[in-house]
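Asker:
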Amino acid sequence: ISEMRWPDAGDIKVDEHRVLYSGRADGIHEHGVGMILSKEAGRCVKNFTPISSRVMLVQLNASPININILQVYAPTFDKSDEEVAEFYNSIELVLKILKKHELNIVIGDYNAKIGQGRTSEAVGPFGLGERNTRGDELENFAMTNNLVIMNTWFKLHPRRLYTWKAPKDKPGKIVRNQIDFVLVSKRFRNSCTYVRTYPGADIKSDHNPLVAVFKARLKKMKLKKKRKYDLRKLRDPTLKQNVQLELNEQIGTEEISNNETIDQKLSKLKSTIQYIKQKFLKPDDRKRKTWMTDEILSLMEERRINKGNSVEYKRIQSIIRKKIREAKER
Numbered sequence: 247i248s249e250m251r252w253p254d255a256g257d258i259k260v261d262e263h264r265v266l267y268s269g270r271a272d273g274i275h276e277h278g279v280g281m282i283l284s285k286e287a288g289r290c291v292k293n294f295t296p297i298s299s300r301v302m303l304v305q306l307n308a309s310p311i312n313i314n315i316l317q318v319y320a321p322t323f324d325k326s327d328e329e330v331a332e333f334y335n336s337i338e339l340v341l342k343i344l345k346k347h348e349l350n351i352v353i354g355d356y357n358a359k360i361g362q363g364r365t366s367e368a369v370g371p372f373g374l375g376e377r378n379t380r381g382d383e384l385e386n387f388a389m390t391n392n393l394v395i396m397n398t399w400f401k402l403h404p405r406r407l408y409t410w411k412a413p414k415d416k417p418g419k420i421v422r423n424q425i426d427f428v429l430v431s432k433r434f435r436n437s438c439t440y441v442r443t444y445p446g447a448d449i450k451s452d453h454n455p456l457v458a459v460f461k462a463r464l465k466k467m468k469l470k471k472k473r474k475y476d477l478r479k480l481r482d483p484t485l486k487q488n489v490q491l492e493l494n495e496q497i498g499t500e501e502i503s504n505n506e507t508i509d510q511k512l513s514k515l516k517s518t519i520q521y522i523k524q525k526f527l528k529p530d531d532r533k534r535k536t537w538m539t540d541e542i543l544s545l546m547e548e549r550r551i552n553k554g555n556s557v558e559y560k561r562i563q564s565i566i567r568k569k570i571r572e573a574k575e576r
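One point on numbering: in the numbering used here, the residue at position 202 of the sequence shown is 448, and numbering is uninterrupted.
Shown next as structure tokens:
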């Protein structure tokens, strides 16, 4: 909700809903933002931060990623450029501390007209009306913070696009504008599947409800795999002895300060072991089944060595099959 006009900030229960709000601290019923959550959504609130009478943050525990919603209410057209700049700066400060891999949404009344036609990666071709200077400021804000203005990307009838109508409409002069917007992180733009207004809703406001539907469609991330080393080489007595000598030498020459914490000492030891693995061992690129054990891998290596001895080969194969059955049953 934008322009809620409730003073102060709070978190209250109304019937079966949870209401969060952030207003002016001086008690004046002006500006204000809020959010009404269902009983189920209310339980998922991880954090609520009232920032000002124009900006509030609600963080929700969700799956597979958490959702951060900034509800905003921009200064009207008659306010100064300085006040508008302060408004956008306050949002940017919050966006900088939010995690980039979570779904970040900035929604509300921006009192800006984006207009029709695509002008950048942030703006789609299906806006409404003509651009104004506040629309330029909104687009710049979106571009700077890698956000996409989602209700300019869905081709709909103009009736489903306009979010505000002039309270003093006349039969010969009807004013309809699109000034409320849903902004989403560019990375998660495909998670927003639908945005439209409901002009027929009776909510006693000159604004229409703006509804956005989200469905997580995550970008595949390449996880950095932890490199494993082939420890079978340590069965070679000569290599094993060389590793022991190198390890003793490295640890013996390492200066250990009494002022170091246990974590610092442990970190040095890990670095030494990593150095030795890289020097003496080769990466283990074998793909393991979830049930695979080091014992089974060792038996498989022993079986490979005895490939020319059919009797011994069959004996080891029988043991391997038994071990695999036991591992799968665990």
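We put the CB at the ideal spot given by N, CA and C, even for glycine.
#1: With a threshold of 8 Å between beta-carbons, can Ala255 be considered close to chain C, or not?
#2: What is the DSSP secondary structure of Met302, counted as helix, strand or coil?
#3: Enumerate in chain order the residues of its own chain whose CB-to-CB distance from Ser336 is below 8 Å, with the five nearest sequence positions on each side excluded.
#4: What do you reckon, are the CB atoms on Tyr475 and Ala458 nearer than 8 Å?
#5: Going by other Cβ atoms of all chains shown within 10 Å of its Cβ, with 16 needed for buried, is Leu469 buried or exposed?
#6: Sort Val394, Arg549, Arg405 and Gly375 by Cα distance to Asn454 and report the nearest one.
#7: Indicate the three-state DSSP secondary structure (helix, strand or coil) for Asn423 in the structure shown.
#8: With a floor of 3 residues, list each beta strand (DSSP E) that falls wholly inside the region 280-326, ordered by position along the chain.
#9: Would DSSP call Arg380 helix, strand or coil?
#10: So, at 6 Å on beta carbons, what are the nonlocal neighbours of Thr295 in its own chain, with the 5 sequence-adjacent residues on each side left out?
#11: Which of the three DSSP states, helix, strand or coil, is assigned to Ala458?
#12: Beta-carbon separation of Gly278 and Gly288 under 8 Å?
#13: Using the beta-carbon count (16 or more within 10 Å), is Phe323 buried or exposed?
#14: Between which two residues does the alpha helix (DSSP H) containing Tyr267 stretch?
#15: Would you tell me roughly how many angstroms separate the C-alpha atoms of Trp252 and Arg473, rounded to the nearest one?
#16: Does DSSP put Lys568 in a helix, a strand or coil?
#17: Is there contact between the region 383-398 and the region 416-423, where contact requires at least three CB pairs shorter than 8 Å?
#18: Is the separation between the beta-carbon of Lys411 and that of Asp452 shorter than 8 Å?
#19: Buried or exposed: Ser366, going by 16 or more other Cβ atoms within 10 Å of its Cβ?
#20: Locate the alpha helix (DSSP H) running through Lys512, then write down its first and last residues.
#21: Going by DSSP, what residues sit across from Tyr440 in a beta bridge?
#22: CA-CA distance, Lys325 and Gln317?
#23: Can you say whether Leu491 is buried or exposed, counting buried as having 16 or more other CB atoms within 10 angstroms of its CB?
#24: Pick helix, strand or coil for Lys479, following the three-state DSSP scheme.
#25: State the CB to CB distance for the pair Glu541 and Lys560, rounded to an integer number of angstroms; the pair is presumed to be in contact (CB under 8 Å).
#26: Measuring alpha carbon to alpha carbon, tell me which of Thr484, Lys461, Tyr408 and Lys259 ends up nearest Ile360.
#27: Counting only runs that start and end within the region 332-369, where is the beta strand (DSSP E) found for 3 or more residues in a row?
#28: With H, G and I counted as helix, E and B as strand and the rest as coil, what does DSSP make of Ser544?
#29: In whole angstroms, give me the CA-to-CA distance for Asn314 and Thr507.
#30: Can we say the region 344-355 touches the region 431-439, given the rule of at least three CB pairs closer than 8 Å?
#31: Where does Ile562 sit, in a helix, a strand or coil, going by DSSP?
Answerer: To lay it out plainly:
#1: Absent from the structure is chain C; it holds one protein chain and no more.
#2: strand
#3: Ile297, Ser298, Arg300 and Val301
#4: no
#5: Only weak support is given to the placement of Leu469: the predicted model assigns it a pLDDT of 46, under 50, and the question is left unresolved by the model.
#6: Arg405
#7: strand
#8: 291-296, 301-306 and 313-319
#9: helix
#10: Leu303
#11: strand
#12: no
#13: exposed
#14: Here Tyr267 belongs to no alpha helix (DSSP H); instead the beta strand (DSSP E) covers His263 to Ser268.
#15: 56 Å
#16: helix
#17: no
#18: yes
#19: exposed
#20: Looking at the sequence provided, one finds Leu at residue 512 rather than Lys. Ile508 to Phe526 is the extent of the alpha helix (DSSP H) around Leu512.
#21: Val459
#22: 20 Å
#23: exposed
#24: helix
#25: Incorrect: roughly 19 Å between the Cβ atoms, too far for contact.
#26: Tyr408
#27: 349-355
#28: helix
#29: 38 Å
#30: yes
#31: helix
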